[in-house]
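These notes concern the structure reproduced below.
There are 2 protein chains.
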Amino acid sequence: MDHAPKPDPVLTRLREGFERIALVLRADLWAAAGKAGLNPTQAQVLALLAARPAGLRPKEIAAHLSVSAPSMADTLAALERKALLRRTPDPADARAVIARLTEEGAAQGQALAAAATQVTAALARLSPGEQADLLLAQVKLIRTLQQAGAIPVQRLCVTCRHFRPNAHPGEAAPHHCAFVNAPIVDRDLRLDCGEHEAAAPAVQAATWTAFTGG
Amino acid sequence: MDHAPKPDPVLTRLREGFERIALVLRADLWAAAGKAGLNPTQAQVLALLAARPAGLRPKEIAAHLSVSAPSMADTLAALERKALLRRTPDPADARAVIARLTEEGAAQGQALAAAATQVTAALARLSPGEQADLLLAQVKLIRTLQQAGAIPVQRLCVTCRHFRPNAHPGEAAPHHCAFVNAPIVDRDLRLDCGEHEAAAPAVQAATWTAFTGG
DNA sequence: CGCTTATTAATAGGAGTCCTATCTATATCC
DNA sequence: GGATATAGATAGGACTCCTATTAATAAGCG
Numbered sequence: 001m002d003h004a005p006k007p008d009p010v011l012t013r014l015r016e017g018f019e020r021i022a023l024v025l026r027a028d029l030w031a032a033a034g035k036a037g038l039n040p041t042q043a044q045v046l047a048l049l050a051a052r053p054a055g056l057r058p059k060e061i062a063a064h065l066s067v068s069a070p071s072m073a074d075t076l077a078a079l080e081r082k083a084l085l086r087r088t089p090d091p092a093d094a095r096a097v098i099a100r101l102t103e104e105g106a107a108q109g110q111a112l113a114a115a116a117t118q119v120t121a122a123l124a125r126l127s128p129g130e131q132a133d134l135l136l137a138q139v140k141l142i143r144t145l146q147q148a149g150a151i152p153v154q155r156l157c158v159t160c161r162h163f164r165p166n167a168h169p170g171e172a173a174p175h176h177c178a179f180v181n182a183p184i185v186d187r188d189l190r191l192d193c194g195e196h197e198a199a200a201p202a203v204q205a206a207t208w209t210a211f212t213g214g
Numbered sequence: 001m002d003h004a005p006k007p008d009p010v011l012t013r014l015r016e017g018f019e020r021i022a023l024v025l026r027a028d029l030w031a032a033a034g035k036a037g038l039n040p041t042q043a044q045v046l047a048l049l050a051a052r053p054a055g056l057r058p059k060e061i062a063a064h065l066s067v068s069a070p071s072m073a074d075t076l077a078a079l080e081r082k083a084l085l086r087r088t089p090d091p092a093d094a095r096a097v098i099a100r101l102t103e104e105g106a107a108q109g110q111a112l113a114a115a116a117t118q119v120t121a122a123l124a125r126l127s128p129g130e131q132a133d134l135l136l137a138q139v140k141l142i143r144t145l146q147q148a149g150a151i152p153v154q155r156l157c158v159t160c161r162h163f164r165p166n167a168h169p170g171e172a173a174p175h176h177c178a179f180v181n182a183p184i185v186d187r188d189l190r191l192d193c194g195e196h197e198a199a200a201p202a203v204q205a206a207t208w209t210a211f212t213g214g
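So the protein lines, in turn, are chains F and Y. Read in UniProt numbering, the first sequence has 2 at position 2, and its numbers run on one by one without any break. Read in UniProt numbering, the second sequence has 11 at position 11, and its numbers run on one by one without any break.
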């Protein structure tokens with residue numbers, strides 16, 4: 001009847017933990033969106049596009065948020081009615097459009113992305129060391145998910161051509177970002193950096209080895 | 001215009017990481033639910049109740065899943081139509097009902113709760129030590145969220161009267177569960193134990209001190 | 001160049017979640 | 001006994017979200 005292989009119970013418990021936290025994120029999202037007169041999906045689009053001033057194609061937005069393209073078309077139309085977003089033709093491809101936030105939409109999106117929530121309050125109770133370890137675990141998970149094709153390509157430090165892992169071995173801030181030309185600590189690692197430029201695959205592999213092996 | 005205090009950027013990044021992973025969980029849920037002919041909310045109810053043979057009240061289920069009671073009534077009605085769930089009057093309170101899974105519903109719920117997903121696959125790539133640290137961080141976060149009232153009371157080892165933190169100091173499995181009368185490791189900590197019995201508040205506080213201080 | 005195939009986005013139609021507001025029945029407290 | 005609170009269900013409506021289809025453009029190939 002059931003032929004799917006069951007994973008190690010520890011993995012199931014860890015997924016369970018993520019699910020619990022995801023439910024709080026969802027409640028937080030409803031609260032924050034409701035305060036702004038939006039619904040959750042609209043708020044997610046605003047928060048996503050607030051970090052992408054150049055805009056994104058509808059299909060890409062749908063992929064980032066794990067919904068179908070028609071569903072996203074619904075949401076984009078709603079945001080356009082509220083004058084928070086504009087869809088313009090893509091000059092590089094006459095089939096495509098580019099969705100960008102208006103000034104008002106960008107302001108709301110930034111507020112939503114940076115707002116304090118129940119989850120950030122709980123995270124604040126962890127020690128700095130625990131926070132750094134948690135961020136590191138997230139980077140590893142997200143990179144794995146990205147490699148598996150479960151999520152679109154993310155703008156992680158560890159896949160960026162400006163990132164120099166363990167450039168300052170033994171020091172408190174061992175890594176280095178060549179773009180801002182400054183050393184960085186684990187807790188500074190970005191999950192969605194605006195200045196990200198993907199490194200070549202071979203470079204990414206080497207970066208990862210230096211990062212994790214250090 | 002915006003008076004809400006902004007949290008430390010690290011906390012925002014950590015929340016961002018949880019959000020990314022939550023999107024994958026959502027995609028996993030759609031996939032698993034679709035395979036079973038259900039939709040995501042129905043699947044979540046099945047997975048929740050599969051661990052609660054005694055059943056739960058509709059209001060409690062709604063609280064666990066962060067939706068309103070009327071929404072849950074919709075979903076419970078749908079599951080009842082599919083003969084996966086039964087609602088019976090609560091003998092202890094004539095206003096209340098108890099929702100329990102049928103045999104078929106319990107089988108599907110257990111399969112959903114234990115199934116391998118993209119997230120469990122990614123988690124499997126972490127080292128055992130990283131997995132244990134991550135589980136520990138989740139326990140701390142969930143306990144904090146529970147104390148803040150953001151989520152209903154969870155059946156965590158660290159709030160159970162059978163749990164003896166650091167009963168075997170210095171050993172590989174330092175903790176002990178008096179119910180099964182066996183030592184346990186960090187990675188064995190439960191987030192939703194069927195045998196959980198809440199300890200008195202003062203005992204919980206002492207347990208937590210011994211657990212984290214050890 | 002002209003034809004086929006792929007890709008991007010929007011639309012149509014429908015199922016179902018999810019909300020607020022309201023209603024009934026029962027419990028609890030004074 | 002009567003006021004208040006609580007559990008659940010219902011009504012009505014907005015909106016997400018899906019699959020399937022259509023329109024327009026791009027890209028590959030003889």
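Where is the CB? At the ideal position from N, CA and C, for every residue including glycine.
Inter-residue Cα distance where the pair is GLY194/Y and ARG161/F: Reading the second sequence from its first residue, position 194 is the one you call residue 194/Y. Reading the first sequence from its first residue, position 161 is the one you call residue 161/F. If you draw a straight line from the Cα of GLY194/Y to the Cα of ARG161/F, it is about 49 angstroms long.
Closest Cβ-Cβ distance between GLY17/Y and chain F: below 8 angstroms? The sequence position of residue 17/Y within the second sequence is 17, counting from 1. With 8 angstroms as the cut-off, GLY17/Y counts as an interface residue toward chain F.
Are there 16 or more other CB atoms within 10 angstroms of the CB of ASP2/F, so buried, or fewer, so exposed? Translated into positions along the first sequence, residue 2/F becomes position 2. Unreliable positioning characterises ASP2/F in this predicted model, as indicated by a pLDDT of 48, which lies under 50. A coordinate reading is not provided.
Within the same chain, show all residues whose beta-carbon is closer than 6 angstroms to that of PRO174/Y, passing over the 5 residues directly before and after it, in chain order. Residue numbering aside, residue 174/Y sits at position 174 when the second sequence is read from its first letter. Only ASN166 and HIS168 meet the Cβ criterion.
Per DSSP, what are the beta-bridge partners of residue 216/F in this structure? The structure shown does not extend to residue 216/F, since chain F spans only 1 to 214, so no value can be given for it.
For the beta strand (DSSP E) holding ASP93/Y, just list the boundary residues, first then last. Here residue 93/Y refers to the residue found at position 93 when the second sequence is read from its first residue. Following the DSSP letters along the chain, one finds ASP93/Y inside the beta strand (DSSP E) bounded by residues 93-101.
Reference PHE211/Y; option with closest CA among LEU136/Y, PHE179/Y, GLY129/Y and ILE142/Y: What you label residue 211/Y is simply residue 211 of the second sequence in a count that begins at 1. For the residues LEU136/Y, PHE179/Y, GLY129/Y and ILE142/Y, the minimum Cα distance to PHE211/Y belongs to LEU136/Y.
Alpha-carbon to alpha-carbon, ARG190/F and SER127/F: The count along the first sequence starts at 1 and reaches residue 127/F at position 127. The count along the first sequence starts at 1 and reaches residue 190/F at position 190. Rounded to the nearest angstrom, the two C-alpha atoms are 19 angstroms apart.
Name, please, each residue of chain F whose Cβ falls closer than 7 angstroms to the Cβ of ARG187/Y. Here residue 187/Y corresponds to residue number 187 of the second sequence, with the count starting at 1. Here the neighbours are VAL10.
Are at least three pairs of beta-carbons, each pair with one atom in the stretch 8-16 of chain F and one in the stretch 110-123 of chain Y, less than 8 angstroms apart? The stretch 8-16 of chain F vs the stretch 110-123 of chain Y: in contact.
Looking at the structure shown, is ILE61/Y part of a helix, part of a strand, or coil, going by DSSP? By one-based count along the second sequence, residue 61/Y stands at place 61. Looking at ILE61/Y - three-state DSSP - the assignment turns out to be helix.
For chain F, is any of its Cβ atoms less than 8 angstroms away from the one on ASP2/Y? Taking the second sequence and counting its residues from 1, one reaches residue 2/Y at position 2. With a pLDDT of 48 at ASP2/Y, under the threshold of 50, the predicted position of this residue should be treated as unreliable, though the coordinate-derived value follows. Yes, its Cβ sits closer than 8 angstroms to a Cβ of chain F.
Nearest-angstrom Cβ-Cβ length linking LEU85/Y and LEU76/Y, presumed shorter than 8 angstroms: In the second sequence, residue 85/Y corresponds to position 85, counting from 1. In the second sequence, residue 76/Y corresponds to position 76, counting from 1. Taking a contact as a CB-CB distance under 8 angstroms, the pair LEU85/Y and LEU76/Y counts as one, their CB atoms being some 6 angstroms apart.
Since THR159/Y and GLN204/Y are thought to touch, with beta carbons under 8 angstroms apart, how far apart are those beta carbons, to the nearest angstrom? Against the second sequence, residue 159/Y aligns to sequence position 159. Against the second sequence, residue 204/Y aligns to sequence position 204. Going by Cβ atoms, the distance from THR159/Y to GLN204/Y rounds to 5 angstroms, so yes, they are a contact pair.
Which full runs of the alpha helix (DSSP H) of 4+ residues lie inside the stretch 124-196 of chain Y, going along the chain? Whole alpha helix (DSSP H) segments, 4+ residues: 128-147.
If distances are taken between C-alpha atoms only, which option among ALA124/F, LEU29/F and ALA198/F comes closest to LEU156/F? Working through the first sequence from its first residue, we reach residue 156/F at position 156. Per the Cα distances, ALA198/F.
LYS140/F, buried or exposed, once every other Cβ within 10 Å from all chains shown has been counted against 16: Here the question's residue 140/F lines up with position 140 in the first sequence. So LYS140/F counts as buried.
Could you tell me the alpha carbon to alpha carbon distance between GLU19/F and PRO9/F, rounded to whole angstroms? The residue you call residue 19/F lines up with position 19 of the first sequence. The residue you call residue 9/F lines up with position 9 of the first sequence. Cα to Cα, GLU19/F sits roughly 15 angstroms from PRO9/F.
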